[in-house]
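Numbering (the working numbering), first residue to last: 142 to 582. Notes follow once the structure below has been shown.
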C-alpha cells in the first residue's frame, strides 16, 4: 500500500498550467451555481464523496438518516496517490469531480492552487472553527475562507520497545542529542540492533524537520519563497548523516514486511511516529505484544515542548458541486457530530482533531494491553497541543516528496551526503516551480 503510494508520487500528471485551465472552468461553474447561503435540500439530492478510509459509507449513512432528502454515496477510487491522480484528471477534464473529497493536509495547498476547492466558509463552516485543534484549522483556512474541515491528524511522539530499552539501560530520549547518544550506544553494545531506521519517507522527513523549525515554503498567490536547503535543513542533514555513517541507525526501505518484522523482533527499538501508528503497530506486530510503550517526541532544545504532525486528512468540497451548502453541512456533520467523530477514533482508528475528544479522559485514557497497559493516546494528545502551526506545504507537494525520496536514496546509497541532497532538491524544485508558472522570490 505504502509502496504504491510512493510509486504513484513519481507519476507526475498534467502541468499546473493545464490543471489551472480546468480549475478556471471549475471556478466558473461554481460562480454560476452560487455560493451564497441557502436552505438545505428540500428536494431529493445525491452527494458523492471520494475517500479511502474504512467505515466512511456507514457513517455517511447517519447523515442521510437525519437528512432524508440527501443520499450520500462514498466511492473509493484508490488510496493516497491514485486517489489524487483521479482528482487531478477530473480537474483537467473540467468534469467528473465528487461533491466532497478526502484531501490530506499536505495536499490542501496543491488543490487550492488549482482553484478546485470551494470556500465553504461562505456556507457556514466558520461556525465550527472552535471545535478543532488550532493548528488543524490554520491548515485548512485563510482568514474567513475555509477549504476543508479537519478529519484526523498525526501528532508526533515516540513508540519504543520497553524490553530492549531495559536490557540496554536506555530511557526514552528527552532530546535529539540524547537520541543520537543512545543510537550510538545501542549499535555498539548490540551489533545488528538499531535504535531506529532512517527509512527515507518524505512525509516523515517533513514532520521531523517541521519540529526543527524548517519552513521551506511561503506562498502568496503565484509568488513563492523556496528555502529547502536552509540552515535548519543542513543541521538536520548533518545530524542524520553522522548516525548513518557510524552505522548507528539502519537505512532499510520502510513499509515492507521485513521492516515491520524488524520492529517486531527487536532489531529496531524505536519509531518517532504519528498518532495513527499505535493501532497500525498492533495490527502488524505479533511477537512483541505488550512490549511497546509511548513517550514524547525528542526535543531539539532541552525542556522544549514543540512537536509536529505527520499525516491526517480533511473533507473538502469541490467548486463544481451544485450543492455547496449541503456539502459544507455534510463535511461539518462527518467531522464534528459527537457520535460520528467518536466512531472515527474507536472504530476506524483515526486520531482525533476535535478539542472535545482530546480532552475526553475515557477516550484518551483507554489502556492498551499491546502497550503494557499504557494509555498511549494521552502521549499523542499532549503532542497535538504542541504542534507548531506555522508550517506550510508547497502547492506541488507531490513533486517535492518525490525529489526528497529520490535524492535521499542516492545519498543513503553513498552518492554524496544528505546535505548535498538538499542542495539538489532546492535547485530542482525552484526550476519546477518556475516551469509551473510561479514567481520564485
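Glycine included, every Cβ here is placed at the ideal spot set by N, Cα and C.
Taking the Cα of residue 323 as reference, the smallest distance to any Cα among 457, 476, 390, 461 is reached at 390. Between the region 493-510 and the region 335-355 there are fewer than three C-beta pairs closer than 8 Å, too few to call the two in contact.
Non-local beta-carbon contacts of residue 575 in its own chain, meaning distances under 8 Å to residues more than five positions away in sequence, involve 581 in chain order. Here residue 476 is near residue 291, since their CB atoms are less than 8 Å apart.
Around the CB of residue 430, fewer than 16 other CB atoms lie within 10 Å, so the residue is classed as exposed.
Considering only 342, 211, 527, 474, the residue with the shortest C-alpha distance to residue 499 is 527.
Distance from the CA atom of residue 265 to the CA atom of residue 470, rounded to whole angstroms, is 8 Å. In this structure, the alpha-carbon of residue 383 lies about 11 Å from that of residue 560. Proximity to residue 187 across 214, 201, 194, 204 peaks at 214, based on C-alpha coordinates. For residue 325, the enclosing alpha helix (DSSP H) has its first and last residue at 317-330. Pairing residue 568 with residue 402, the inter-Cα distance amounts to about 37 Å.
In this structure, the CA atom of residue 183 is about 22 Å from the CA atom of residue 200. Between residue 517 and residue 435, the C-beta spacing is below 8 Å. In this structure, DSSP gives residue 368 a state outside helix and strand, which the three-state scheme calls coil.
A contact is defined here as three or more CB-CB pairs under 8 Å, and the region 451-458 fails this definition with respect to the region 352-366.
Around the C-beta of residue 479, fewer than 16 other C-beta atoms lie within 10 Å, and the residue is accordingly described as exposed. A buried status is given to residue 227, since no fewer than 16 other beta-carbon atoms sit within 10 Å of its beta-carbon. The beta carbons of residue 385 and residue 339 sit about 6 Å from each other, so the pair counts as a contact at 8 Å. Proximity of the region 520-540 to the region 237-256 meets the contact definition, three or more beta-carbon pairs being nearer than 8 Å. For residue 471, the uninterrupted alpha helix (DSSP H) segment begins and ends at 465-477.
Straight across, the Cα-Cα distance linking residue 293 with residue 501 is about 16 Å.
By the beta-carbon neighbour count (other beta carbons within 10 angstroms, threshold 16), residue 531 is exposed. Rounded to whole angstroms, residue 428 and residue 543 show a C-alpha spacing of 34 Å.
Here the region 304-311 makes no contact with the region 437-449; the two share fewer than three CB pairs at distances below 8 Å. According to DSSP, residue pairing for residue 525 in a beta bridge does not occur. Relative to the Cα of residue 425, the nearest Cα in the group 449, 396, 204 belongs to 396. In the three-state scheme derived from DSSP, where H, G and I count as helix and E and B as strand, residue 488 is classed as coil. Less than 8 Å separates the beta-carbon of residue 260 from that of residue 287.
In the structure shown, residue 188 adopts extended strand secondary structure according to DSSP, grouped into three states.
DSSP links residue 230 through a beta bridge to no other residue. In this structure, residue 457 sits near residue 258, with a CB-CB distance shorter than 8 Å. Considering only 492, 408, 554, 388, the residue with the shortest C-alpha distance to residue 420 is 492.
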